[in-house]
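Numbering (our numbering), first residue to last: 440 to 570.
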């Protein structure tokens, strides 16, 4: 259950800020958070997660409520190299960076109930003074 967004025209550093917010969260919670997030990449990552959900529903027959964002990676894509004209006939390089975003969804694992651990009995302090 995976979806890939290639050659997204925003730098990977900025996209990673959004990707780190949704990693490990349930799909419903991730989509709600991305809807109200004021970052440019949030809309594209939201669409990418919805695409991965559609893949899971169609190919594997899973429900949206049972899915969690297991992994999301943002890698560097090809860089578009441009130049900015400067004074005295010079030109400075401008790098327009692109990103490759991969989202992997997984089925939620049921929570295991863990028995509470009782604290060990406290030891009495022994004083080091002579009596």
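From the three backbone atoms N, C-alpha and C, an ideal C-beta is built for every residue, glycine too.
query	result
Distance CB(residue 544)-CB(residue 487) smaller than 7 Å	no
Beta-carbon proximity of residue 460 to residue 495, cut-off 7 Å	no
Of the residues 450, 452, 508, the one placed nearest residue 469, counting alpha carbons only	508
Residues near residue 450 by beta carbon distance below 6 Å, same chain, minus five either side	536
Distance between residue 547 and residue 480 (C-alpha atoms, nearest Å)	26 Å
Residue 450 - containing alpha helix (DSSP H), residue span	Run containing residue 450: none; DSSP gives neither H nor E here.
Chain-order list of residues whose beta-carbon lies under 7 Å from that of residue 534 (same chain, five-residue window excluded)	518, 520
First through last residue of the alpha helix (DSSP H) which encompasses residue 513	From DSSP, residue 513 is part of no alpha helix (DSSP H) but of the beta strand (DSSP E) over 506-515.
Three-state secondary structure (DSSP) of residue 556	coil
Under 7 Å between C-beta atoms of residue 513 and residue 503	no
Beta-bridge partners of residue 523, as assigned by DSSP	531
Residue 548, DSSP secondary structure in three states	coil
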